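Student:
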Amino acid sequence: QSYRVAILGATGAVGTELLELLDQRNFPVSELKLLASPRSAGSTVMFQGESLTIEAVNESSFNNVDIVLASAGGSISKQWVKDIVAAGAVMIDNSSAFRMQPDVPLVVPEVNPEAAAAHQGVIANPNCTTILMSVAVYPLHQVLPIRRIVASTYQSASGAGARAMEEVKKQSIAILQGQEPKAEILPYPLAFNLFPHNSKLEASGYCEEELKMVNETRKIFGAPDLRITATCVRVPVLRAHSEAINLEFDSPFAVEKARELLIQAPGVQLVEDWDANYFPMPIDASGKDDVLVGRIRQDISNPNGLELWLCGDQIRKGAALNAIQIAELLIEKNLLKPALVANS
Ligand code: 2RA
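To convert, note that position 85 of the sequence shown is 87 in the UniProt record's numbering; the numbers rise steadily by one, no gaps.
#1: Specify whether the segment 164 to 182 and the segment 202 to 215 touch according to this definition: at least 3 beta carbon pairs, one from each stretch, less than 8 Å apart.
#2: The beta strand (DSSP E) spanning GLN300 covers which residue range?
#3: Three or more C-beta pairs under 8 Å: does that hold for the segment 326 to 334 against the segment 108 to 125?
#4: Could you tell me whether the segment 171 to 179 touches the segment 247 to 264, using the rule of 3 or more Cβ pairs below 8 Å?
#5: I'd like to confirm the pairing. Which residues does DSSP put opposite HIS143 in its beta bridges?
#6: Is the beta carbon of VAL70 closer than 8 Å to that of MET93?
#7: Would you list the one or two residues that DSSP bridges to LYS35?
#8: At a cut-off of 7 Å, is ALA185 close to ligand 1 when judged by its beta-carbon and the heavy atoms of the ligand?
#9: Which runs of the beta strand (DSSP E), 3 residues or longer, sit entirely within the UniProt domain "Semialdehyde dehydrogenase NAD-binding" (6 to 121)?
#10: Out of GLY75, PHE100 and VAL67, which has the shortest C-alpha to C-alpha gap to GLU85?
#11: To the nearest angstrom, how far is it from the Cα of GLY296 to the Cα of PHE281?
#12: Using C-beta distances below 7 Å, list every residue in its chain close to ALA344, excluding the 5 sequence neighbours before and after it, in chain order.
#13: With 16 as the cutoff for other CB atoms within 10 Å, does residue 356 come out buried or exposed?
#14: What does ARG229 pair with, by DSSP beta-bridge criteria?
Okay, structure coming up:
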């Protein structure tokens, strides 16, 4: 069987990756609709040898569509969610708009695939930093519950969009030519610089990006008491995020056991050459499906602690691939229609 798929936000970095992945993964597409703002409508993109025209999204765009892959920002997702669900399509939303809503499953297929079954028409794709960390640490959590996570992130420009990726390149050239770098898309010069993530600051002093990791991880793991803190930083890297993760358990977690688990963990590639001092790097993670994990070591400050380092492609597994894997899961488990509401 094949399915009628719509990509909402087809011209963005994630939208473009969605298109590529639908083709690369031979996703069973019978019809593909590319939806964007009126500004982008009319341009064409090739898909499986066919030229598709990008359409301006409107109320009837979702009629006769089975799956909507949305990655156009939270306000667009909120604007169209009712039309999407009313049309009988399932929305896999990459924005943060619905992630913490109780009736919206927040899914990383390698971690909590069973959560997808409860969807009522909308499934949320977690934030990229949360996806990458969850894939890497859940295999350990399954063996010995994690009590506390301290995450430090080194986030690529792609998290701020395709135009931010272009801007950091231009800033680099400017600096190398002895000129002042321009920051128009990014809040500050990122080339040869870094800055704390510039999402909205809360009264606690944490920014939204950091609180996403805290709240989303607890929801995905079904662990409301999991203690987690994060410091998120934007760094001059193009499309792969890196994260330094410190884990605390109730008792020691043997490094060898962690290695053994991660070598066979879904969506993870262990990258550790201690003799060569070679470990995950963004240039190796970019364009890859897997989250690269390495530098697993005992926390020397805490007998119940474990340290690890990871790199993952923010556009791919951090967004587009996870969304498509959710769609594949829905097809596999015959979950494209919302679960019957108990007292419907
Ligand atoms: C960022 N996680 O990297 C955000 C984008 N989704 O800024």
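Glycine included, each C-beta is placed from N, C-alpha and C at the ideal position.
Just so we're clear, the structure is a prediction, and the values are computed from it rather than from any experiment.
Tutor: Once the coordinates are examined:
#1: no
#2: 293 to 300
#3: yes
#4: no
#5: The partner list for HIS143 (beta bridge, DSSP) is empty, contrary to what the question assumes.
#6: yes
#7: ALA8.
#8: no
#9: 31 to 38, 46 to 49, 52 to 55, 69 to 72 and 92 to 95
#10: For clarity, residue 85 is Asp in the given sequence; the question names Glu instead. Ranking the options by Cα distance to ASP85, first place goes to VAL67.
#11: 6 Å
#12: For ALA344, the pLDDT reaches just 48, beneath the cut-off of 50, and the residue's location in the model is therefore unreliable, although a value from the coordinates is still provided. Hits under 7 Å: none found.
#13: There is simply no residue 356 to check, as the chain begins at 3 and stops at 346 in what is shown.
#14: ARG150
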